[in-house]
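Working notes, structure below.
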Amino acid sequence: MIISVASGKGGTGKTTVSASLAAVWKRPVTGVDLDVEEPNLHIFLKPDIVHEEKVYLEVPRVDESRCTLCGKCSDLCQFKAINVMGSAILTFPEMCHGCGGCLAVCPEDAVSWGTRQLGTMSRGKSGPIDFLMGSLRVGEAMSPPLMRQVKDRLKCDLARTGSDAIIDAPPGVSCPAVNAVMDSDFILLVTEPTPFGFHDFQLALEAFAPLNIPAGALINRSGIGDDSVQRFCQEQGIPVLAWIPFDTDIASAYSRGKVIADLSLEFRQKFSQLAASIIEQIGENEACPK
Amino acid sequence: MSKIAVTSEGPGLKDMVDPRFGRAAGFVVVDTTTKEHTYVDNGTSQALAHGAGIQAARLMADAGVEVVLTGYVGPKAFEALKAVGIKTVQNMDKISVGQAVEKYIAGQYDYAQTPNRQHH
Amino acid sequence: MPEVVVISGKGGTGKTSLTGAFAHLAQDLIICDLDVDAPDLHILLSPAKRSTHDFYSGNEALIDGSRCKMCGTCLEMCRYNAVRTGHDQYLVDPMRCEGCRVCVDFCPEQAIAFPARHCGQWFVSSTRFGTMVHARLFPGAENSGRLVTLLRNRAREASKEEDSSLILSDGAPGIGCPVISSLSGTDLAAIVTEPTLSGLHDLKRVADLCTHFRVKVAVIINKCNLNPEQASGIQDYCRDKGFYLAGSIPHDPEVTMSMVDKKVITETADSRIAKTVRNTWENILSIL
Chain A
14 MIISVASGKG
24 GTGKTTVSAS
34 LAAVWKRPVT
44 GVDLDVEEPN
54 LHIFLKPDIV
64 HEEKVYLEVP
74 RVDESRCTLC
84 GKCSDLCQFK
94 AINVMGSAIL
104 TFPEMCHGCG
114 GCLAVCPEDA
124 VSWGTRQLGT
134 MSRGKSGPID
144 FLMGSLRVGE
154 AMSPPLMRQV
164 KDRLKCDLAR
174 TGSDAIIDAP
184 PGVSCPAVNA
194 VMDSDFILLV
204 TEPTPFGFHD
214 FQLALEAFAP
224 LNIPAGALIN
234 RSGIGDDSVQ
244 RFCQEQGIPV
254 LAWIPFDTDI
264 ASAYSRGKVI
274 ADLSLEFRQK
284 FSQLAASIIE
294 QIGENEACPK
Chain B
3 MSKIAVTSEG
13 PGLKDMVDPR
23 FGRAAGFVVV
33 DTTTKEHTYV
43 DNGTSQALAH
53 GAGIQAARLM
63 ADAGVEVVLT
73 GYVGPKAFEA
83 LKAVGIKTVQ
93 NMDKISVGQA
103 VEKYIAGQYD
113 YAQTPNRQHH
Chain C
243 MPEVVVISGK
253 GGTGKTSLTG
263 AFAHLAQDLI
273 ICDLDVDAPD
283 LHILLSPAKR
293 STHDFYSGNE
303 ALIDGSRCKM
313 CGTCLEMCRY
323 NAVRTGHDQY
333 LVDPMRCEGC
343 RVCVDFCPEQ
353 AIAFPARHCG
363 QWFVSSTRFG
373 TMVHARLFPG
383 AENSGRLVTL
393 LRNRAREASK
403 EEDSSLILSD
413 GAPGIGCPVI
423 SSLSGTDLAA
433 IVTEPTLSGL
443 HDLKRVADLC
453 THFRVKVAVI
463 INKCNLNPEQ
473 ASGIQDYCRD
483 KGFYLAGSIP
493 HDPEVTMSMV
503 DKKVITETAD
513 SRIAKTVRNT
523 WENILSIL
């Protein structure tokens, strides 16, 4: 099973929760960093990287000797990645979304596949935890194509090893965040009990609702703000699976890259309970299909 | 004679230079010999989510423009303009279109060798 | 009129709470929320909408079931697995559709339409501190930076109409396209950071961006007492780079409490933290 840890708002403690959850997970587990723009999970899990590979997107390459400047590719391309201008044909590989339209539409067979590097994919081990991370190349503007390839790899790995996965998803409610959590079995939303936290939590729920994936909340820094998130969850029937108090020890451990679950027995138990509740939630959902 | 285009906030010589190239409201195209001018609306580029600069460069090539006067040009638009042999003059913003044209005719300009704006 | 944008590379630094307070302290201004992915400033300012406008960006494929013969061409050609087969018909999953138009062009029945994608709405509103221009992207929609540019242009128009003396914007987070759109042509960027490893890391990235766009920088260290060591590291960094340090603001639960009351920190009691925020704003004005 795949559990995604997400949050509508940045800075809620999503990564540190992902790391703690992976640390207490009872079954074999892979910690996956899909926050490819700012991957931080490795700071907490400190894996030994055993393999790193470059990830590419297929983009068009034009054979100018065959191109008749008919403009069919240029008319089709929605991203201005291939352009007939005056008497020139110009490609912008970094604009390409890899849809393959230009290749298919060219009547002269003048377009073939080249590549653009999207970033890297790293695999490693942190004790018993398998680790998988996508890291976007600086200057690369699109994260979903890289995320898709990391997820494909994850699917293969899980099919082979039968382990579970905990995904650290990118923050926010836009396209990359939805892409990250799309194929998971459960979404854990990390939020905080402030009006901003509450508002972004609602946005995230709304963004993920069409996916029909069961979700639960973790309220971080509880004790600050008010109880509006909690009341909302009660009304909407969204399970609140854990509360992490606002605590300067946690804040300071975070600034040093420590896993909260490793701070004390109490925290470890808290996260073990969280893990058990998540499994229970997924089980319940399977028992009564929609 | 040469045909120059100025990124513009409106259709006339009194309008201000639009500092942006790709997302400019439009282009005032001026024939430097006859001083006649026409207006090319840039609505199609403005509506694009991505690649407005490239689309605008395509518009310029189709209009047969040789020189573009503007404020800032991004790297892709710059490359596109260069590929079709259009020269660019940057930092022409904060004045009117007419003033930009006069500056150009008076020779108070340098053709840009590099784009003055980063990835957008 | 000068334009000030409040930004922070990292989320959760307190950027919006400070923007709200600055909007209170500044007189005669236009307020603009450029954080269109997850806008929060309206929570503090309770804007009353004067006008609402739709925002469209890109396109999406839409299969006309009555014309579709289920030949499988789109299914085969879509590289995003966006075409779904279910209940005796083909459907495009809008969440996976990239809007590339390949299926539209290659459909032998011409059964696929390609309407503009309705991505969100934007508003011009009244608040107790002045006119506010803001937006809301629909969840899951793509933020292209174009909406940010649109809001900034609208704020400039409003500023001209009202002859206001300042445009204050809550900037987009991160260092990508939206934040670049919030920065270009701005007079001053107030960067809110916090004394953590990632705080400093993101400050550097976003400050580089400002330097590149020749935008004046003022740095604010928020929650400075959470890690004094890191805070002084940030001070050193600012000194080395010649960035103006406009203020160091301690963590104070009062900020959250006033947020709960839908107020900005300088509106509630004239506490120490409110004074620090006030001084910070005066410092920013002094270098504008």
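Residue numbers (our numbering), protein chains in the order written: chain A, 14 to 303; chain B, 3 to 122; chain C, 243 to 530.
From the three backbone atoms N, C-alpha and C, an ideal C-beta is built for every residue, glycine too.
Here the structure is a predicted model, which means the values were calculated and not measured.
- Fully contained in the segment 19–102 of chain B are the following beta strand (DSSP E) runs of length 3 or more, in chain order: 28–33, 39–43, 69–71 and 89–91.
- Chain order gives the chain B residues near serine 299/C as Ala51, where near means a beta carbon separation below 7 angstroms.
- Residues Ala274, Arg281, Phe284, Ser285 and Ala288 of the same chain have their beta carbon placed closer than 7 angstroms to that of valine 37/A, with the five preceding and five following residues left out of the count.
- At a beta-carbon threshold of 9 angstroms, the residues of chain A lying near valine 86/B are Met98, Gly99, Ser100, Ala101 and Leu103, ordered along the chain.
- Ranked by Cα distance from threonine 28/A, the first of Gly250/A, Arg40/A, Val49/A and His64/A is Val49/A.
- A Cβ of chain A is located within less than 8 angstroms of the beta carbon of alanine 59/B.
- In summary, the residues of the segment 277–295 of chain C whose CB is separated from some CB of chain A by less than 7 angstroms are Asp279, Ala280, Asp282 and Ile285, in the order they occur in the chain.
- In this structure, DSSP gives tyrosine 106/B a helical state, which the three-state scheme calls helix.
- Your pair valine 67/B and alanine 108/B does not check out as a contact, with CB atoms roughly 20 angstroms apart and the cut at 8 angstroms.
- Judged by their CB atoms, serine 4/B and valine 99/B are not nearer to each other than the 8 angstroms cut-off.
- A residue is called buried when at least 16 other Cβ atoms come within 10 angstroms of its Cβ; isoleucine 62/A does not meet this threshold and is exposed.
- When only Cα atoms are considered, valine 247/C and asparagine 118/B end up about 21 angstroms apart.
- Here DSSP, grouped into helix, strand and coil, assigns glutamate 219/A to helix.
- With respect to the C-alpha of leucine 393/C, the residue from His295/C, Cys316/C, Leu286/C and Asp270/C having the closest C-alpha is His295/C.
- Shown in chain order are the members of the segment 83–95 of chain A whose Cβ falls below 7 angstroms from a Cβ of chain B: Phe92 and Lys93.
- Glutamate 205/A counts as buried, since at least 16 other C-beta atoms from the protein chains shown sit within 10 angstroms of its C-beta.
- The shortest CA-to-CA distance from serine 235/A to any of Cys109/A, Gln215/A, Arg40/A and Thr25/A is the one to Thr25/A.
- Alanine 182/A has its alpha-carbon roughly 6 angstroms from the corresponding atom of alanine 193/A.
- Here the alpha carbon of serine 268/A sits roughly 5 angstroms from the alpha carbon of threonine 438/C.
- Using a Cβ-Cβ cut-off of 8 angstroms, proline 13/B does not count as an interface residue toward chain C, since no Cβ of chain C sits closer than that to its own.
- At a beta-carbon threshold of 9 angstroms, the residues of chain A lying near lysine 78/B are Lys93, Phe105, Glu107 and Met108, ordered along the chain.
- Within the segment 315–375 of chain C, complete alpha helix (DSSP H) segments of at least 4 residues are found at 315–319 and 344–348, given in chain order.
- Interface annotation, proline 117/B: not in contact with chain C, CB-CB separation never under 8 angstroms.
- When secondary structure is reduced to three states using DSSP, cysteine 109/A falls in the coil class, being assigned neither helix nor strand.
- Counting along the chain, the unbroken alpha helix (DSSP H) around aspartate 482/C starts and ends at 470–483.
- Residue burial is scored here from C-beta neighbours: asparagine 96/A has at least 16 other C-beta atoms within 10 angstroms and is therefore classed as buried.
- Per the DSSP secondary-structure output, serine 490/C pairs in a beta bridge with Ile463/C.
- Three or more Cβ pairs closer than 8 angstroms define a contact, and the segment 161–178 of chain A falls short of that threshold against the segment 250–270 of chain A.
- By the C-beta criterion, the segment 515–524 of chain C is judged not to be in contact with the segment 269–279 of chain C, since fewer than 3 inter-stretch pairs fall below 8 angstroms.
- Between leucine 131/A and leucine 145/A the beta-carbon gap is near 15 angstroms, outside 8 angstroms, which marks them as no contact.
- Straight-line spacing of the CA atoms in leucine 267/C and histidine 64/A works out to 54 angstroms.
- Scanning the segment 149–184 of chain A for uninterrupted beta strand (DSSP E) segments of 3 residues or longer gives 177–181, listed from N- to C-terminal end.
- Along the segment 182–213 of chain A, going in chain order, the ones with a CB nearer than 7 angstroms to a CB of chain C are Pro184, Gly185, Val186, Ser187, Cys188, Val191, Thr207, Pro208, Phe209, His212 and Asp213.
- The residue from Val163/A, His212/A, Pro252/A and Ile142/A with its alpha-carbon nearest to that of leucine 58/A is Ile142/A.
- Isoleucine 56/B belongs to the set of residues whose beta carbon lies under 8 angstroms from a beta carbon in chain A.
- Look at aspartate 347/C: its C-beta is under 8 angstroms from a C-beta on chain A.
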